[in-house]
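Below: the structure, in structure tokens.
What follows is the structure, encoded as structure tokens:
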């Protein structure tokens, strides 16, 4: 049978003369078979890599149990990378958060997370290269690209001494920009974005459950081998973001507890003839952390046995240390309490999506996620996170696309969390959470000094354009500590000032525009879409507003856990940006969405 070309305009072209229909069908069968064979090989390869990753994970746990910490570290890193390469992309985006928790056992969370995060970014980028196309997203895609490129210019001003730190921060900026682009490019469907958010919220639930268990007496912290980080830094220089002091830090309470302890010691003195006169006070420096100083008028060595029930430890014949009042500052698995607080605050509104969406198991997950976020933001004693959440709640009340009952529910949840936090600290620690830490006022002063010196440093010569490439010490010694006093580097404690200091004013403006466009885009989408998509977009808008407000006092680079979370959140907010037509500005008509 021979097919001949059709005549007439507008008709579909057909095989020309001499083309046998059987050969055409045979070729299609061959192509279909090749495609199926390729898919089968790919599936086999993924299964093999997943099996090897699980094997590396089990071997890592075994090495950790046998005190082969360095070997366990590399096995955990390999497992995290392997999982990031084989899971479906929505799951792969959040997998570095979970897999890095195994590296917590050897105190190397940042390394494992950065390795897996880089792997999933490269996986997406290689997919683009294979398809020979640019990321979807329209002109917006050039903003994250430009931010990474401008960061690279820091090599012109950074010193050789700071080059390692500069390369680390530049690398994080590259994978952060890649993550935003990847989410916009490949996560257009609501289901995919819900999967990412589910993973992020599940991570906060895990952090909160673990640190709560530690707080009530289940010693999870004892599982960690804290010696590995120092050895890894000495051998490879890999211990970035060092600030690890356990899942809970007991900070000095505003009320040190000296009067109450003095009363106990006076009662003991009445029953112990010959005990020298004493005074009890909290030292005005941090050398003894939360301890009180007990100073006797003479030697108290012969009374050590009587002093032991009060936990008084003599460090000299006439001077002892006693437990003072401390308040817990929870940080869970992250190395910094501000990381835990920042992630919890930013994700708080998104828990309501699952709590309100339907009457099934996801509703209870949403309730648990909301409670976990409030717990993390509150009991980390980070006041800025509560202010940021309040701003997000106000946005939902004023501009959120949801019914009045839902708005009141969000506000009620926030107030309930605040009341629980206040009640625990008043009744358990005799202090309000806003002023519970003795160093809270000093923290405000420290931030003011950091901000002032950062701004003064930026407005000098070429640095106003290119910045300094990385943060810089503010102490004369070039270190972060002078004695026992901690002096934060210039360019820290604020996302916007961090970018201004590292990348100059253009970099700071770029990151401000990035947050602003994400907010405007998700807000416009919430008004264009209906049902689940509209509610989801409105809650994402509130989350980005919280993150943007918190960024005034919290650096995006406080820890990779926070950087990855915010990068995913910004990408989710921008998903579908290429299909928008019209203006995103609030005072104009909502933009249209094509095919979404």
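Residue numbers (our numbering): 978 to 1573. Glycine included, every Cβ here is placed at the ideal spot set by N, Cα and C. For clarity, every value in this text was computed on a predicted model and none was experimentally measured.
In the DSSP assignment, find the unbroken beta strand (DSSP E) run with residue i in it and report its ends.
i            : result
residue 1256 : 1255–1258
residue 1296 : 1296–1299
residue 1464 : Looking at the DSSP string, residue 1464 is not in any beta strand (DSSP E), and its letter there is neither H nor E.
residue 1269 : 1269–1273
With H, G and I counted as helix, E and B as strand and the rest as coil, what does DSSP make of residue i?
i            : result
residue 1307 : strand
residue 1448 : coil
residue 1553 : coil
residue 1195 : coil
residue 1534 : coil
residue 1506 : coil
residue 1225 : strand
residue 991  : With a pLDDT of only 46 at residue 991, under the threshold of 50, the placement of this residue in the model should not be trusted; the figure read from the coordinates follows. Coil at residue 991, not helix or strand.
residue 1436 : coil
residue 1521 : helix
residue 1064 : coil
residue 1235 : helix
residue 1043 : coil
residue 981  : Residue confidence is low: residue 981 scores 43 on pLDDT, short of 50, so the model does not pin down where it sits. Its coordinate-derived value is still stated next. Coil at residue 981, not helix or strand.
residue 1082 : helix
residue 1165 : coil
residue 1284 : helix
residue 1302 : coil
residue 1291 : strand
residue 1473 : helix
residue 1033 : helix
residue 1230 : strand
residue 1201 : coil
residue 1246 : helix
Please check the pair residue i and residue j, which I expect to be a contact at CB under 8 Å, by giving their CB distance rounded to whole angstroms.
i            : j            : result
residue 1173 : residue 1464 : Between residue 1464 and residue 1173 the Cβ distance is about 38 Å, and since that is not below 8 Å, they are no contact.
residue 1545 : residue 1160 : 6 Å
residue 1391 : residue 1366 : 6 Å
residue 1479 : residue 1448 : 7 Å
residue 1469 : residue 1427 : 6 Å
residue 1471 : residue 1538 : Not confirmed; about 18 Å, so no contact.
residue 1235 : residue 1259 : 5 Å
residue 1576 : residue 1536 : Since the first residue of the chain shown is 978 and the last is 1573, residue 1576 is not available in this structure.
residue 1345 : residue 1182 : 6 Å
residue 1328 : residue 1185 : So it is not a contact: roughly 12 Å between Cβ atoms.
Between which residues of its own chain and residue i is the CB-CB distance below 6 Å, once the five residues before and five after are set aside?
i            : result
residue 1246 : 1252
residue 1079 : 1053
residue 984  : Residue placement at residue 984 cannot be trusted, given a pLDDT of 41 that sits under 50; what the coordinates show is reported in the next sentence. Excluding residues within five positions, none has a Cβ falling inside 6 Å.
residue 1495 : 1521, 1547, 1550, 1551
residue 1063 : 1023, 1026, 1027
residue 1188 : 1224, 1307, 1309
residue 1398 : 1355, 1410
For residue i, report the span of its alpha helix (DSSP H) as first-last.
i            : result
residue 1334 : 1328–1334
residue 1406 : 1381–1406
residue 1366 : 1360–1376
residue 1352 : 1338–1356
residue 1583 : Nothing can be reported for residue 1583: it is not among the residues displayed for the chain, which extend from 978 to 1573.
residue 1127 : 1119–1129
residue 1317 : 1314–1324
residue 1212 : 1204–1213
Give every residue of the same chain whose Cβ lies closer than 7 Å to the Cβ of residue i, excluding the five residues on either side of it in the sequence, and list them in chain order.
i            : result
residue 1076 : 1056, 1057, 1060, 1089, 1093
residue 1241 : 1287
residue 1152 : 1094, 1095, 1098
residue 1514 : 1499, 1502, 1503, 1506
residue 1162 : 1112, 1113, 1114
residue 1037 : 1049, 1052, 1053, 1056, 1079
residue 1511 : 1378, 1503
residue 1177 : 1071, 1324, 1542, 1545
residue 986  : Unreliable positioning characterises residue 986 in this predicted model, as indicated by a pLDDT of 41, which lies under 50. The coordinate reading is nonetheless provided below. Taken in chain order, the list of residues that qualify is empty.
residue 1577 : Because residue 1577 is not part of the residues shown, which for the chain are 978 to 1573, the question remains open.
residue 1489 : 1473
Please determine whether the Cβ atom of residue i lies at a distance below 7 Å from any heavy atom of the ligand GDP.
i            : result
residue 1290 : Because no ligand of any kind appears in the structure shown, any question about the ligand GDP cannot be addressed here.
For residue i, which residues of its own chain have a beta-carbon under 8 Å away from its beta-carbon, when the five flanking residues on both sides are left out?
i            : result
residue 1122 : 1154, 1158
residue 1484 : 1124, 1127, 1128, 1444, 1476, 1477
residue 1143 : 1131, 1132, 1135, 1446, 1447
Shorter than 8 Å from the beta carbon of residue i to some beta carbon of chain B?
i            : result
residue 1358 : In the displayed structure, chain B is absent; only one protein chain is listed.
Discussion item. Does the contact criterion of 3 or more C-beta pairs under 8 Å hold for the segment 1401–1414 versus the segment 1288–1306?
Written reply: Contact check between the segment 1401–1414 and the segment 1288–1306: three or more CB pairs, one atom from each, fall below 8 Å, which counts as touching.
Worksheet item: Any chance the segment 1341–1361 sits against the segment 1305–1321, with 3 or more Cβ pairs inside 8 Å?
Response: Enough Cβ pairs lie closer than 8 Å, so yes.
Fill in: Touch test, the segment 1274–1294 against the segment 1187–1198, Cβ-Cβ under 8 Å, three pairs minimum
Cβ pair count under 8 Å is below three, so no.
Worksheet item: Is the segment 1094–1108 touching the segment 1202–1218, taking contact as three or more C-beta pairs under 8 Å?
Response: No: the two stretches stay apart, fewer than three of their Cβ pairs being nearer than 8 Å.
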